[in-house]
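Below is one structure, written out as structure tokens; comments come after it.
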Amino acid sequence: MKKLLGYQKGVNLGGWLSQGKLEKEHLDTFITEKDIAVIASWGCDHVRLPVDFENIENTDGTENAAGYTCIDNCIAWCRKNNLNIVLDLHKTFGYIFDDADYSADFFDSAELQARFLRLWDTLSARYAGHSDMMMFEMLNEVVSFDVADKWNEIALRCIAAIRKNAPTVKILFGGVGYSAVNAVKYLADPVDENIVYNIHCYEPLVFTHQAAYWVQDMPSDFHIGYPGSIDEYNAAMQRISSTKGGAFHDDDAAITELGTPFFEKLFQEAVAVCESRNVSLYCGEYGVIDQAPVADTLRWYRDIHDAFEKYGIGRAAWTYKVMDFGLSDDRLKDVVSQLTALL
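Here the numbering used here is used: the first residue of the sequence shown is 1309, the next is one more, and so on.
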């Protein structure tokens, strides 16, 4: 498979310009140049920077300068530390991955789509000069499989808008089902050699999101080890039905054990699609919640890392600090060198 050079080992900067406070103190202190230097010291080659529209545009669509200053600073820090960067539009006006009611009209609204395209016209014009060290990610996690065709049409229009300003920048194109591994086959064919297919992988969700307060019907005291038996996992997913979504259950009868072979099998179809279309594959999010035992977290990272390495899949772990998945948090301080070697 075509390898995505410069984006093989990365970390997300969640909670700063996305899903974080809009106050100046937070923007000035949550991520600093020191944090970028730490990530570089872990042997990473890039960061993924999620950005919510509220941080870069006002309600009426005019520019919010504070957010752009943070992006500009991050680019400068990354250049200083020899890191590349993924500019991820995590939430756009009219579409938010974790609010179905708010997002209900986006895929049928010409007005909302036009605003989305205008934002990318602005972003691509502003940052085209950084194409040597930056990828653009059009939109984070389209949820419903029902809008696959509509999303393809919008995405192709977005690519065309970006290409007017940045003809050679790499563009990340994620699919439906929260950028599911098993949705890559539904993505439109690449229009040029600088399109990259994007997945997210938190499989098995019942492990990586154990005791997560935002997962429907997830008990706050639920815990499960890794690896475990398939029977144990299937029984748990029967009890917590919201964790049955995703690729884990697509080929359930053929899954006999967890471990590296599970992830190798999980990625096989997506890799085959990418090979047939001569496209690189990138995993923009993966990780384990801070409710899981540290030893099990390490085992999970080792197994998925080995599969990433086998196929040459670039990736960025979720996330650098706090946000329930923080790699630099105190709970992991005794194993951080082991863990960061497995990114």
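Heads up, the beta-carbon is just placed ideally off N, CA and C, and yes, glycines get one too.
Is DSSP giving residue i helix, strand or coil here?
{"i": "leucine 1330", "result": "coil"}
{"i": "asparagine 1392", "result": "strand"}
{"i": "asparagine 1506", "result": "strand"}
{"i": "alanine 1615", "result": "helix"}
{"i": "lysine 1573", "result": "helix"}
{"i": "lysine 1458", "result": "helix"}
{"i": "cysteine 1382", "result": "helix"}
{"i": "cysteine 1582", "result": "helix"}
{"i": "isoleucine 1364", "result": "coil"}
{"i": "serine 1435", "result": "Note that residue 1435 is tyrosine in the sequence shown here, rather than serine. Here tyrosine 1435 sits in helix by DSSP."}
{"i": "glutamate 1445", "result": "strand"}
{"i": "serine 1487", "result": "helix"}
{"i": "serine 1549", "result": "helix"}
{"i": "leucine 1325", "result": "coil"}
Are the beta-carbon atoms of residue i and residue j separated by less than 9 Å?
{"i": "threonine 1568", "j": "histidine 1517", "result": "no"}
{"i": "serine 1417", "j": "alanine 1469", "result": "no"}
{"i": "tyrosine 1534", "j": "arginine 1607", "result": "yes"}
{"i": "leucine 1357", "j": "aspartate 1396", "result": "yes"}
{"i": "phenylalanine 1401", "j": "glutamate 1371", "result": "no"}
{"i": "tyrosine 1510", "j": "glutamate 1593", "result": "yes"}
{"i": "asparagine 1586", "j": "lysine 1310", "result": "yes"}
{"i": "glycine 1318", "j": "histidine 1354", "result": "yes"}
{"i": "aspartate 1360", "j": "lysine 1388", "result": "no"}
{"i": "asparagine 1363", "j": "cysteine 1378", "result": "yes"}
{"i": "valine 1581", "j": "isoleucine 1621", "result": "no"}
{"i": "alanine 1649", "j": "glycine 1351", "result": "yes"}
{"i": "alanine 1643", "j": "phenylalanine 1575", "result": "For clarity, residue 1643 is valine in the given sequence; the question names alanine instead. No, the pair does not count as a contact, with Cβ atoms beyond the cut-off."}
In terms of alpha-carbon separation, which member of the options lies closest to residue i?
{"i": "valine 1484", "options": "Thr1476, Lys1493, Val1504, Lys1478", "result": "Lys1493"}
{"i": "proline 1601", "options": "Leu1566, Leu1640, Glu1371", "result": "Leu1640"}
{"i": "isoleucine 1597", "options": "Val1477, Asn1392, Phe1530", "result": "Phe1530"}
{"i": "serine 1645", "options": "Asn1392, Val1346, Ile1563, Ala1580", "result": "Val1346"}
{"i": "leucine 1321", "options": "Gly1314, Ala1373, Ser1349, Cys1382", "result": "Cys1382"}
{"i": "proline 1527", "options": "Arg1623, Ala1374, Asp1539, Val1514", "result": "Val1514"}
{"i": "aspartate 1632", "options": "Leu1647, Cys1386, Ala1519", "result": "Ala1519"}
{"i": "glutamate 1583", "options": "Tyr1619, Ile1548, Ala1603", "result": "Tyr1619"}
{"i": "alanine 1463", "options": "Asp1407, Asp1368, Val1450, Ala1384", "result": "Val1450"}
{"i": "leucine 1566", "options": "Ala1474, Lys1329, Pro1512, Leu1312", "result": "Pro1512"}
{"i": "histidine 1508", "options": "Gln1546, Thr1627, Asp1440, Asn1390", "result": "Thr1627"}
{"i": "aspartate 1525", "options": "Ala1544, Gly1375, Thr1605", "result": "Ala1544"}
{"i": "glycine 1328", "options": "Leu1647, Asp1638, Val1630, Leu1635", "result": "Val1630"}
{"i": "phenylalanine 1405", "options": "Asn1542, Gly1314, Ser1326, Gly1536", "result": "Ser1326"}
Review point. With a cut-off of 8 Å, do at least 3 Cβ pairs link the segment 1410-1424 to the segment 1337-1346?
Key: Proximity of the segment 1410-1424 to the segment 1337-1346 falls short of the contact definition, fewer than three beta-carbon pairs being nearer than 8 Å.
Practice item. Determine contact between the segment 1606-1620 and the segment 1497-1508, defined as no fewer than three beta-carbon pairs at a distance below 8 Å. Key: No contact exists between the segment 1606-1620 and the segment 1497-1508.
Check your understanding: Does the count of Cβ pairs from the segment 1613-1622 and the segment 1327-1340 closer than 8 Å reach three?
Key -> Counting Cβ pairs under 8 Å, fewer than three are found: no touch.
Exercise for review: Kindly confirm or deny that the segment 1473-1480 and the segment 1444-1464 touch, where touching means at least three C-beta pairs closer than 8 Å.
Suggested key: With three or more CB-CB distances shorter than 8 Å, the segment 1473-1480 counts as touching the segment 1444-1464.
Review point. Of all the beta strand (DSSP E) runs that stay within the bounds of the segment 1618-1644, which reach a length of 3 or more residues?
Key: As far as the segment 1618-1644 is concerned, its whole beta strand (DSSP E) runs of at least 3 residues are 1622-1625.
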